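What follows is a set of notes on a single structure, which appears directly below.
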Amino acid sequence: MVSDKKSIFISLKWKLLIVMLVMLTILGGVLGGFTFKQLINQQDYLLESQRNQLSQHLDSAISLTVDNSLVAAEQIALLINEQKNVTPDMSQYQLMLDKRWPDIQLYWKLGSMTLMTPSWEVLAHAGKSINVDDLQWFETDRVNGEPRWQIVCHQECVIQVLVPNLINGQPFLLFLELGLTDILSIFRVNQTFELAVLGPKVEDSVGQYYWGRELYGLSNKRTSLPLLEQAADNFSWDHIANNGGGYEVNNEYSAIWIFPLSDEVNSPVILVINNINNWQLLLNEFQESMLGTLLITLLLSGGLVILVAWAPVVSLSRHANLLPLLAEHDFETLKLRSPKTASLIVDEVDLIHHATHQLADKLQCLELEIDEYTAELERLAMLDALTGLPNKAMLMHELNKAIACVGSTHVQVALMYLDLDEFKRINDTLGHTLGDDLLKIVATRLNNSVRAMDTVFRQGGDEFLILLRGIRSDQDVRKVIHKIFSSLQQPVALGNHKLIVTTSIGVAYCKSMNLRADELIKYADLAMYQAKGAGRSNYRVFTEDMLQKANNKLMIEQDIGAAIEQRQLSLFLQPIVALPDAKLKGFEALIRWFHPERGLIMPGDFIPDIENSEAIIQVGNYVLEEGGAILSRLRKQGWDDLYLAVNLSAKHYMDPGLIPLVQHILSKYDLPPESLLLEVTEESVIEHVELAMASMTSLKQLGVRIAIDDFGTGYSSLSYLKQLPFDVLKIDRCFTSEVLNESTDSHIVSTVIDLAHNLGRTVVAEGIEVQEQGDYLARLGCELAQGYLYAKPLNEERVMTILNTIGEDRIWPVEHAPQFGKLGS
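Those letters in the sequence shown? Residues 1 to 825, per UniProt numbering, in order.
Rendered as structure tokens:
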């Protein structure tokens, strides 16, 4: 989309000039900056080298002075040793020192000398007076017998040396003091810098102090003192100590360095002021010359750009005026007005003119091709690429048209939703290539099975839809369905394989033009899933009941989480008694849902809707937790010999969290493992026999008992039954209900009981409603029974009330069963 906003035109030659100037400026700035940075780095390197050399000179000067002091101490000790038979408390030491002191002072340049005992008693002293208390810093080092030294500043800065020695076989201390003159003379090897000796930092300093340090000495005071004063005013001590670079002082550049005279934190220092003004002037001159060079380069480059770019820019301007003709599809005019390339030497502008000619030719050809392809693409967009059938987009288009004609052109229309049975298994087994071939064959057979007015669509995957128009009765639809079944049941040859394909079909009728296309597809889809649940080669017609069931399932899936959190689920207990005396052995826990809006919902009305989802595991966990709590309360009432049977779904037995949960519940409520009986249906075990056996084995290792529920209603094998680690076999009520009629069921029940006993299992008969059933089963050897004869499922409160009426014989009051409850199982 072209904006209507007015643009500012700037010629390409000026853009080139600006870009060139900017690039040269940046390049010059970068090169100049880099060179200047190199000079700065070189200056820093030279200054750092000078500083390191000075530091080495200072260390050498101090070491030389200390070494001379040690030699002096040795010579003095030799002089004293010449005094034979002299004890330390005699005055000969002082006399000898007074006599020799002028020579010693002159030769060794000592400020003072003191001879002391190891206990700091002064035996002799010459030179400046000292305070023995000031020597306590030597105390810890003196014990080691090593000479020590320090630099101190009082009226002046001196170096003090303490040397332990033996005189006439006795330990003595020689304390020597020397001025810093020799150190400074050795240190100042270069006369281009000035020195200042500053003492340690003191608090509340007044007078001639700089950075809180007293000035004890300064070279060339006339010129150095103003520099020192301005540096102290403008720069902090930490900045100078950590930086050590150049500083502008009195309009001159100087490097200021600090050299501590000892390793102590607050020691006297020598401050060095090194004049680097010449180097700074050199840097300033370099900056000025770089700026001038850059300015001249920019002017020359600008003139050159204008000279070179003028002709191509004019040619490009003319070319720009011709390009709008391409948008107007006026290709012939553009080729006539465009300049011809006749020169032997061409440049990019000539190439642009030539390319424009070629572009105009190609665009003319493309326009013709686009018109041809557009019609083809419109057709292909509505077809499935694999089968060639109309696709979903075409389905919606045709379906909307057909619905709009209901009541006028068509009495009604029908939509058939087809899903191939077991196609995924075929696709995974034979491969996707043969799977695609199968879909093509199915598409052809479907097309051959419908009427001329009907349309077959491919929804995607293995799903097809068929729109049946002009339907007058159900017979019209059934004819098409039977023809489809018959056609698909013909064997299909795929490579070396022969297959018989079946399909499940859902049918939805549209009798009103108010029905939306997506609703009709949804209804046919619901009917198809009902047909798929009924087995292969089945069809179902959509009814409102299907929609209601689908909505109910959705409601169940949405509300079950809240039901668990809000404890809307309750466990009802049905007694399990021993035969024939009806002695109470345990209860089966049966779940009830008390929905806040829909009231009581029985398990058969919501468990099937969630049995294939994760919600069934949440419900099972809830039942196990509640069952554990009920068992705990029963045991506290003295019924510690009862067990509780809990139904779990097949999916729950496959859940890796089941075993840890059972362990937790047994531990939490302090329950013996045998008090918990977990039931699993025969059919679910056979569907996942290996996983079920592993899970059941783990539960058995915990001590939990296992029951096979609804035995005889599935398709289990006796070999599987023999392998399964279960304890209890429950006979379904469909067999026990007719056991008194001498029917086949009585023989089946007898056989099952014998089978269970041969396997060492206990038998529970379900659905016992009359006493004669119980007596008969007892004679067959059935150990346990449950049913309405004994009680319908009861809530926990009612069970506790009944248990309080039972005596020590534990006999369940069968005669009062009709009064116990009204909620069926």
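A virtual CB, placed ideally from N, CA and C, is assigned to each residue, including glycine. Being a predicted model, the structure only gives us computed values, none of them experimental.
- Scanning its chain for C-beta atoms nearer than 6 angstroms, with the 5 sequence neighbours on each side dropped, one finds around S224 the residues E194, L218, in chain order.
- Here the alpha carbons of L520 and S449 stand approximately 22 angstroms from one another.
- Check the Cα spacing between S684 and each of R733, N741, N612: the tightest is with N612.
- K722 sits away from V764, with the two beta carbons spaced by 7 angstroms or more.
- Assigned with DSSP and collapsed to three states, A375 falls in helix.
- Looking only at A124, L377, N321, L39, the smallest Cα-Cα distance to N284 is reached by L39.
- Rounded to the nearest whole angstrom, the C-alpha separation of L174 and L78 is 12 angstroms.
- V269 and I258 do touch by the CB rule: their CB atoms are close to 5 angstroms apart, below 8 angstroms.
- Contact check for L573 and L794: beta-carbon distance about 6 angstroms, within the 8 angstroms limit, so the pair qualifies.
- The way I'd put it, the segment 614-626 doesn't touch the segment 572-586; fewer than three beta-carbon pairs between them come closer than 8 angstroms.
- The segment 490-504 makes contact with the segment 417-430: 3 or more CB pairs, one atom from each, lie closer than 8 angstroms.
- The residues L494, in chain order, have a CB closer than 7 angstroms to that of D437 in the same chain once the five nearest residues on each side in sequence are set aside.
- Going by C-alpha positions, L789 is about 29 angstroms away from P672.
- Fewer than three pairs of CB atoms, one per stretch, sit closer than 8 angstroms, so the segment 422-441 makes no contact with the segment 351-369.
- Taking the Cβ atoms as the reference, T681 lies roughly 5 angstroms from D709, within the contact range of under 8 angstroms.
- According to the DSSP assignment, R222 belongs to the alpha helix (DSSP H) that extends over 221-234.
- Judged by their CB atoms, I471 and Y539 are not nearer to each other than the 7 angstroms cut-off.
- According to DSSP, H595 shares a beta bridge with G599.
- The beta carbons of F172 and L115 sit about 6 angstroms from each other, so the pair counts as a contact at 8 angstroms.
- For W149, the three-state secondary structure derived from DSSP is strand.
- Restricting attention to A72, I601, S185, the CA atom closest to the CA of P164 is found in A72.
- Residue environment for R633: exposed (fewer than 16 other C-beta atoms within 10 angstroms of its C-beta).
- Contact between the segment 777-787 and the segment 751-769 is present, with at least three C-beta pairs closer than 8 angstroms.
- In the three-state reduction of the DSSP assignment, I686 falls in the helix class, which pools H, G and I.
- Between L571 and A589, the C-beta spacing is below 7 angstroms.
- Contact between L227 and S254 holds, with the beta-carbon distance rounding to 7 angstroms and staying under 8 angstroms.
- In the DSSP annotation of this structure, the continuous segment of the alpha helix (DSSP H) that includes I441 starts and ends at 432-449.
- Counting C-beta pairs closer than 8 angstroms gives fewer than three between the segment 384-394 and the segment 507-514, which falls short of the contact rule.
- Assigned with DSSP and collapsed to three states, W237 falls in helix.
- For W257, the pairing in a beta bridge is given by DSSP as V272.
- By the criterion of a C-beta distance shorter than 6 angstroms, A443 is surrounded in its chain by T387, L389, once the five residues flanking it on both sides are discounted.
- With at least 16 other beta carbons inside 10 angstroms of its own, G774 counts as buried.
- Spatial neighbours of M96 in its own chain (CB-CB distance under 8 angstroms, excluding positions within 5 residues in sequence) are listed in chain order as L79, I80, Q83, A124.
- Contact between Y247 and A231 holds: their C-beta atoms lie close to 6 angstroms from each other, under 8 angstroms.
- Bridge pairing for E248: Y253 [DSSP].
- Residue nearest to R222 within the set A196, H652, Q558, V314 is A196 (criterion: CA-CA distance).
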